[in-house]
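Q: All residue numbers for the sequence shown refer to this note's numbering, where the first residue is 281 and numbers rise by one.
Okay, handing you the structure first.
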Amino acid sequence: MGETHTERRRRLAALIAGRDAGALLVTRLVNVRYLTGLDSSNAALLVFADGAAVLATDGRYAEMARAACPDLDVLVERRTAAALTTLAADSGTGVLGFEAHDLTVEAHAELAAEDDGIGFKPLGHPVEQLRAVKDEQELALLREACAITDRAFEAVLPEIAPGVTEREIAIALERRMVDLGAEAPAFESIVASGPNGAVPHHHPGSRAIEPGDLVTMDFGARYGGYHADMTRTVAIGAPAAWQREVYDLVRHAQQAAVDAAVPGAETRAVDAAARDIIAAAGHGAAFSHGLGHGVGLEIHEAPLLGYDKTGKLTDRVPITAEPGVYLAGRGGVRIEDTLVVRADGPELLTETTKELLVL
Ligand code: ZN
Ligand code: ZN
């Protein structure tokens, strides 16, 4: 991975130079990981506009850092950001970019108080911008995370029956994902049964599944740091007419969004592809969240897809498409895939069937 990280830092350096800074102080730990391979709870990275870089971390991670990035200078220091700021000043950096979305107001004030002749400048989200487009190595990890997610769902399906609680299903899914090779669940699993299905982010509780329920399960595996995200809604016993109708509507809308996810598409237009279908059926107000989000080293990352979002999709950007319809007091349906935007058409990474499963 050494070369990959060097290449990522090289691309970042071009962005730093383009934003009139001499260097960027990277403090967001997930961004440090992306640029170095070091996964830690205390590290910062100084990247100069010419591509040179210095990593700072404390004694607990020094060995890991040297192993992960043999080509980088590693500064062993508990106050990582302060040490790198001093280093930047000593190297004659006039303007030091920082991640204003990460550095606290307090930390920023402390760094600025050192008064070593450096001018601080918020530089936007250049690392997140790079991270949105994945390389093939990253896509391979994400593909495996999604494959584990698919397999866990298939394995747990026979256990979903009347009498079993939401919590038991959530634990079974998570247990199975870890058994199949996941590092951990990618996020807190959602299992919402019957009327609870009307709450998009319902916390699985002690409600036991009943005949006539729709059950929505939103879960995923984390593998090699990469997060899978899938939702399926199943019926317990023969579905009522309204359940079948809402399911078919959401499935149709979800497919329209997947088909619209091509390079060059406005994120807003991909959201609209699904939203317009749901609205035309009279359920516009019942689709109460955005269409989806990027996935990668974080479960929610750039790009966000919603009716109020801007930006265009490009090749090799993994996203989710997850429209839903939530009817208070009755229940809900959500269908979600993780897919990669590709020039020759979307690559679905979650492959579980979207036929309505009647259990
Ligand atoms: Zn999800
Ligand atoms: Zn999602």
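Virtual Cβ for every residue (Gly too), placed ideally from N, Cα, C.
#1: Check residue 616 in the structure and name its three-state DSSP category.
#2: Give me the Cβ distance between residue 603 and residue 515, rounded to the nearest whole Å; I'm assuming they're in contact under 8 angstroms.
#3: Using the DSSP secondary-structure output, state which residues sit across from residue 465 in a beta bridge.
#4: Closest to residue 342 by CA distance: which of 333, 356, 283, 601 is it?
#5: What separation, rounded to the nearest whole angstrom, lies between the Cα atoms of residue 617 and residue 499?
#6: How long is the line joining the alpha carbons of residue 371 and residue 305, rounded to whole angstroms?
#7: Would you call the CB atoms of residue 405 and residue 467 closer than 9 angstroms?
#8: Beta strand (DSSP E) containing residue 584: first to last residue?
#9: Indicate whether residue 369 and residue 478 have their beta-carbon atoms separated by less than 9 angstroms.
#10: I need the straight-line Cα distance from residue 482 to residue 457, nearest angstrom please.
#11: Label residue 569 either buried or exposed according to how many other C-beta atoms from any shown protein chain fall within 10 Å of its C-beta, with 16 as the threshold for buried.
#12: Can the beta-carbon of residue 326 be found less than 9 angstroms from the beta-carbon of residue 344?
#13: Relative to the alpha-carbon of residue 590, which residue among 503, 548, 347, 573 has its alpha-carbon at the smallest distance?
#14: Which value, in whole angstroms, describes the spacing of the CA atoms of residue 289 and residue 363?
#15: Does the beta-carbon of residue 579, which I'm using as the reference point, lie nearer than 8 angstroms to any heavy atom of ligand 2?
#16: According to DSSP, what are the bridge partners of residue 573?
#17: Do you know offhand how far residue 282's Cα is from residue 626's?
#18: Where does the unbroken beta strand (DSSP E) through residue 604 begin, and where does it stop?
#19: For a test of your reading of the model: does the CB of residue 602 fall under 8 angstroms from any non-hydrogen atom of ligand 2? Yes or no.
#20: Nearest to residue 588 by alpha carbon, out of 566, 550, 599?
#21: Taking DSSP as the reference, what is the three-state secondary structure of residue 442?
#22: Is there contact between the stretch 374–393 and the stretch 553–568, where contact requires at least three CB pairs shorter than 8 angstroms?
#23: In this structure, how does DSSP classify residue 610 when only helix, strand and coil are distinguished?
#24: Residue 519 to residue 492, Cα distance in whole Å?
#25: Go ahead and label residue 417 buried or exposed: buried means 16 or more other beta carbons lie within 10 angstroms of its beta carbon, across all protein chains shown.
#26: Quick check: is any heavy atom of ligand 1 less than 8 angstroms from the C-beta of residue 344?
#27: What runs of the alpha helix (DSSP H), each 4 residues or longer, lie entirely inside the stretch 328–388?
#28: Cβ of residue 594 versus every heavy atom of ligand 2: is any distance shorter than 8 angstroms?
#29: May I ask you to report which of helix, strand or coil DSSP gives residue 406?
#30: Under 8 angstroms: does the beta carbon of residue 498 sit that close to some heavy atom of ligand 4?
#31: Does ligand 2 have a heavy atom nearer than 8 angstroms to the CB of residue 576?
#32: Could you tell me whether the Cβ of residue 346 comes closer than 9 angstroms to any Cβ of chain D?
#33: Along the beta strand (DSSP E) that carries residue 479, what are the first and last residues, could you check?
#34: Using CA coordinates, which residue listed in 593, 559, 435 is at the minimum distance from residue 409?
#35: Would residue 488 pass as a contact of residue 443 if the rule is Cβ separation under 9 angstroms?
#36: Examine ligand 2 and report whether any of its heavy atoms sits within less than 8 angstroms of the Cβ of residue 459.
A: So, to answer that:
#1: strand
#2: About 18 angstroms separates the two Cβ atoms, so there is no contact after all.
#3: 501
#4: 356
#5: 11 angstroms
#6: 14 angstroms
#7: no
#8: 581–585
#9: no
#10: 21 angstroms
#11: exposed
#12: no
#13: 548
#14: 20 angstroms
#15: yes
#16: 584
#17: 30 angstroms
#18: 604–607
#19: yes
#20: 550
#21: coil
#22: no
#23: coil
#24: 6 angstroms
#25: exposed
#26: no
#27: 342–348, 360–370
#28: no
#29: helix
#30: Of the ligands one can find in the structure shown, namely ligand 1 and ligand 2, none is ligand 4.
#31: no
#32: The chain inventory of the structure shown lacks chain D, comprising one protein chain alone.
#33: Careful: residue 479 lies outside any beta strand (DSSP E) and carries neither H nor E.
#34: 593
#35: yes
#36: no
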